[in-house]
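A.B. asks: Once you've had a glance at the structure underneath, I'll fire off some questions.
Protein chains in written order, with the working numbering: chain E, 1 to 243; chain A, 244 to 486; chain W, 487 to 729; chain Y, 730 to 972.
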């Protein structure tokens, strides 16, 4: 119980820290003061330290030689690499699922999510809720991680999605602001369908390639908005990208 | 001059034969009678024979043990294989172009075709002309075949596009009849852009995968219409597919 | 019967022409005189013409504007492209076989060929016969073309192997002259095993990649010998490569 | 200084724990008692706890609901997945290096390692030292991780190599015991050369595929020895594989 309590304080600290970074309250290279964070987040030193260690492990912060942590500065290449890495591991999951073959039940479960997105996309524009898309899209990507039936792949995908800029939802908010928003969704959802089609047909090379290309949509979104500060504020950590 | 004249008679015979097959005038397995064809097409025996040999080489006809040719019967797998083969060789062209790198002039030329399709797609629905899309799409695929700067690849792509069902335009007519027509075009044209983006960035594996997936759109179109006889009549040779 | 006789004269003409080119009797760009060929090969004009047309279709000769045919000149890139094309289509065959799955009988048949090569390679050096390797290697590649169960793929692979420099055996003779000969065979045969392993495990992306890399061994062999005229004389058509 | 001292106690604890697991002193599923470990390793509780947390993060141990850690049980699939994951990320590194292009200096550095292995392999059998191969092979794989010039890729590769069974050296010891040892090295080193050749020629798809296939050699080694307990004792953690 004591431990569960400690966990939840740490989680609060992690979420609070991530939000500060998202909002741009932290500059690239800025040293993270434990005292300031204790005051700002209203938490004690132990969970703050655990949260700092966790964000360093994820790569948002880095250890500094004199002790403690500073916010990292990221380049465009860092963002592109994080997206490529996530796409590569999602591609591995998709390929293994296709090669190993899925049960009908597993296929039905993932097709049910697709049908949910189909129904959402078929709604008239005024009744389309983007939050529903984000939710269903998240479910689809979580389901994909389960398909190969491998603990290792599931763990690795969860980890890589927690890397800065790598999450499948990281740039969705940005996407919603683009003039071509609807067309980008049509393309992305077409990739969802093609991915499941390929897995069901046991076309592993195809499934892997689609998952990778799907991830690169995030890169295209990123490139479209990198000069737009209003949009950048909506993506966690994007204020740390200095070029 | 005599030879050029002979060529053009042969071309007439090839086109006439292809049209007969498209219209469903020929049944799968039916023996092609030279005498009947001479009468039907109003051409002499020599160009008819050359046309039969050519269509046999392309795979629409097959030689029969007793001499002469018969219309081949095709299965769903034959259609899928032809599309996969074309996508594979277009993928090779795209990958080699990316790996070898293109001049700015070559990139500009292919981007100009993309801009033409962009402009076409931006028109209001009542001014969108599908024939323009077919024309520009054909230009794009022809340009792709030139990009690696390889005579062999260009020749092979021309040949493979002449195989039954393999042409990038074979199923476009069908596509135009689908209720989701507009969305299919949006996806296909998004693939055109991603393909050029990948080639320009020298991402060969990505370029290859996109070209393959782009070809598979034809397979998806085929599967949607295979039970629809009215639509099938619009695709050359589709009446020869017996399942 | 008359036709079968005609076929065999044409075949003689094709083989005779190929041999002349292999021996370097024909220079790149040289016009092929029908009269000279009639005399040299001791065959009549009709089979000579058919053979010229066939070699033009394969790409060893090209039509010239004034009528007739000339020997083509090839570049290093032409050789590399032909090998890459063959590897790409063998890769397609391997991938489709893996994705579609093979019967145990089909797997056993191809494994029997591997076991034959295993036994050959296990012989002491003085009892190793290279001609046996060439024969078994040819059987393996022929079997690979059958595995997807697709007439189209089988036909296309047969055709592409007849292109200049593209055959899996084109550079084997050269390989036998290399000091690292034994090690090259060990690597190549290891790829045979890995390829069958991948197909049996339904790992299509892996099977495709191995088939491609296997073909590139021919490219490495080519690059090793391109300056060595004695070796070049052993590869059909290599005297037509001008750089 | 205090911190550096603490680090080194933790490192001792990590190495000590890993060795216990390698030797098979720990059974799959067995609870790790802090008290026993303190006594066995002669270290205090703090570094022991840090080491347990680290090995849990790497996946050798797992947290148990009642608190503390137990040794995980691994299946054959877990071993195969770890190798496939490492090969996939090494493949990503190789592909990005090829696509981005390397400086001549970077290529020379990696070719120097290849030349070192060439020289080693050319030695007569009695002067071949396997430890030298292990060292140079490690250098090659470390260099590969640097080639894309990406902090993220370097960090991720270091991390994935620390996963159970995923390291490029994990199964090398096993390999050295196989009768076909020499031939396996010839194949593996041929892949090293082909990999660098592909990167230098900017053939990214090829480089990625070779890196993946190279990793799968570890899987083949694993499958050869999984029933051989004497060999299994040489691979860290292999005693935790229960089938």
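Note that CB positions come from ideal geometry on N, CA and C, so glycine has one too. Predicted model only: the values in this text are computed from it and were never measured.
If you draw a straight line from the alpha carbon of residue 284 of chain A to that of residue 273 of chain A, how long is it in whole angstroms?
C.D. replies: 17 Å
A.B. asks: With the cut-off set at 9 Å, would you say residue 735 of chain W and residue 335 of chain A are in Cβ contact?
C.D. replies: Nothing about residue 735 of chain W can be read from this structure; chain W reaches only from 487 to 729.
A.B. asks: State the start and end residues of the unbroken beta strand (DSSP E) segment that holds residue 520 of chain W.
C.D. replies: That residue, residue 520 of chain W, is in no beta strand (DSSP E); its alpha helix (DSSP H) goes 520-527.
A.B. asks: Please report how far the alpha carbon of residue 253 of chain A lies from the alpha carbon of residue 823 of chain Y, in whole angstroms.
C.D. replies: 52 Å
A.B. asks: Within this structure, are the beta carbons of residue 52 of chain E and residue 32 of chain E separated by less than 9 Å?
C.D. replies: yes
A.B. asks: If the cut is a Cβ gap below 7 Å, which residues of chain W does residue 915 of chain Y touch?
C.D. replies: Going along chain W in sequence order, the residues near residue 915 of chain Y (Cβ under 7 Å) are 669, 672, 673.
A.B. asks: Along the chain, which unbroken stretches of the alpha helix (DSSP H) at least 4 residues long are found entirely within the segment 286-372 of chain A?
C.D. replies: 288-301, 319-343, 347-365
A.B. asks: Establish whether the CB of residue 8 of chain E and some CB of chain W are separated by less than 9 Å.
C.D. replies: no
A.B. asks: Where residue 288 of chain A and residue 256 of chain A are concerned, what is the direct C-alpha to C-alpha distance, given to the nearest angstrom?
C.D. replies: Just so you know, the alpha carbons of residue 288 of chain A and residue 256 of chain A end up roughly 10 Å apart.
A.B. asks: According to DSSP, residue 760 of chain Y sits in a beta bridge with which residue or residues?
C.D. replies: Y:799
A.B. asks: Taking C-beta pairs closer than 8 Å, name the residues in chain E that residue 788 of chain Y reaches, listed in chain order.
C.D. replies: 152, 155
A.B. asks: Of all the CB atoms in chain Y, is at least one closer than 9 Å to the CB of residue 590 of chain W?
C.D. replies: no
A.B. asks: Please decide whether residue 269 of chain A counts as near chain W, where near means a Cβ-Cβ distance under 9 Å.
C.D. replies: no
A.B. asks: Taking Cβ-Cβ distances below 8 Å as the criterion, which residues of the segment 554-573 of chain W are in contact with chain A?
C.D. replies: From the segment 554-573 of chain W, only 563, 564, 567, 568, 570, 571 have a Cβ closer than 8 Å to chain A.
A.B. asks: Does the count of Cβ pairs from the segment 566-578 of chain W and the segment 389-404 of chain A closer than 8 Å reach three?
C.D. replies: yes
A.B. asks: Beta-carbon separation of residue 534 of chain W and residue 523 of chain W under 9 Å?
C.D. replies: yes
A.B. asks: Mapping DSSP to helix, strand and coil, what is residue 867 of chain Y?
C.D. replies: helix
A.B. asks: How big is the Cα-Cα spacing for residue 633 of chain W and residue 687 of chain W?
C.D. replies: Distance between the alpha carbons of residue 633 of chain W and residue 687 of chain W is about 14 Å.
A.B. asks: Are there three or more Cβ pairs, one per stretch, closer than 8 Å when the segment 113-125 of chain E is compared with the segment 206-226 of chain E?
C.D. replies: no
A.B. asks: Which residue wins for smallest C-alpha separation from residue 8 of chain E, given the options E:123, E:190, E:43?
C.D. replies: E:43
A.B. asks: Check whether the segment 57-73 of chain E and the segment 889-905 of chain Y touch, using three or more Cβ-Cβ pairs below 8 Å as the test.
C.D. replies: no
A.B. asks: Pairs of beta-carbons, one from the segment 183-192 of chain E and one from the segment 427-439 of chain A, closer than 8 Å: are there three or more?
C.D. replies: Touching, yes, given that three or more Cβ pairs across the two stretches are closer than 8 Å.
A.B. asks: Does the segment 346-357 of chain A touch the segment 373-390 of chain A, meaning 3 or more C-beta pairs lie closer than 8 Å?
C.D. replies: yes
A.B. asks: Please report the distance separating the alpha-carbon of residue 898 of chain Y from that of residue 380 of chain A.
C.D. replies: 50 Å
A.B. asks: Cα separation between residue 254 of chain E and residue 176 of chain E?
C.D. replies: There is no way to answer for residue 254 of chain E, as the model of chain E reaches only from 1 to 243.
A.B. asks: What separation, rounded to the nearest whole angstrom, lies between the Cα atoms of residue 104 of chain E and residue 195 of chain E?
C.D. replies: 16 Å
A.B. asks: Exposed or buried, what is residue 817 of chain Y when buried is set at 16 or more other beta-carbons lying within 10 Å of its beta-carbon?
C.D. replies: buried
A.B. asks: Helix or strand or just coil, what does DSSP make of residue 375 of chain A?
C.D. replies: Note: residue 375 of chain A maps to helix in three-state DSSP.
A.B. asks: Between residue 942 of chain Y and residue 446 of chain A, what straight-line distance do the alpha-carbon atoms span, to the nearest angstrom?
C.D. replies: 20 Å
A.B. asks: For residue 935 of chain Y, return the contacting residues in chain W, with the cut-off set at a CB-CB distance below 9 Å.
C.D. replies: 695, 698, 699, 702
A.B. asks: Work out the CA separation of residue 768 of chain Y and residue 754 of chain Y for me, nearest whole Å.
C.D. replies: 15 Å
A.B. asks: Check whether the Cβ of residue 733 of chain Y lies closer than 9 Å to any Cβ atom in chain W.
C.D. replies: For residue 733 of chain Y, the predicted model reports a pLDDT of 39, less than 50, meaning its position is unreliable and no value from the coordinates is stated.
A.B. asks: Closer than 8 Å by beta-carbon distance: list the chain Y residues that pair up with residue 446 of chain A, in chain order.
C.D. replies: 828, 933
A.B. asks: Expressed to the nearest angstrom, what Euclidean distance is found between the alpha-carbon atoms of residue 206 of chain A and residue 582 of chain W?
C.D. replies: Because chain A spans 244 through 486 in this model, residue 206 of chain A falls outside it and cannot be assessed.
A.B. asks: Run through DSSP, which three-state label would residue 433 of chain A get?
C.D. replies: helix
A.B. asks: When you compare only the Cα positions, how much space is there between residue 74 of chain E and residue 182 of chain E?
C.D. replies: Rounded to the nearest angstrom, the two C-alpha atoms are 30 Å apart.
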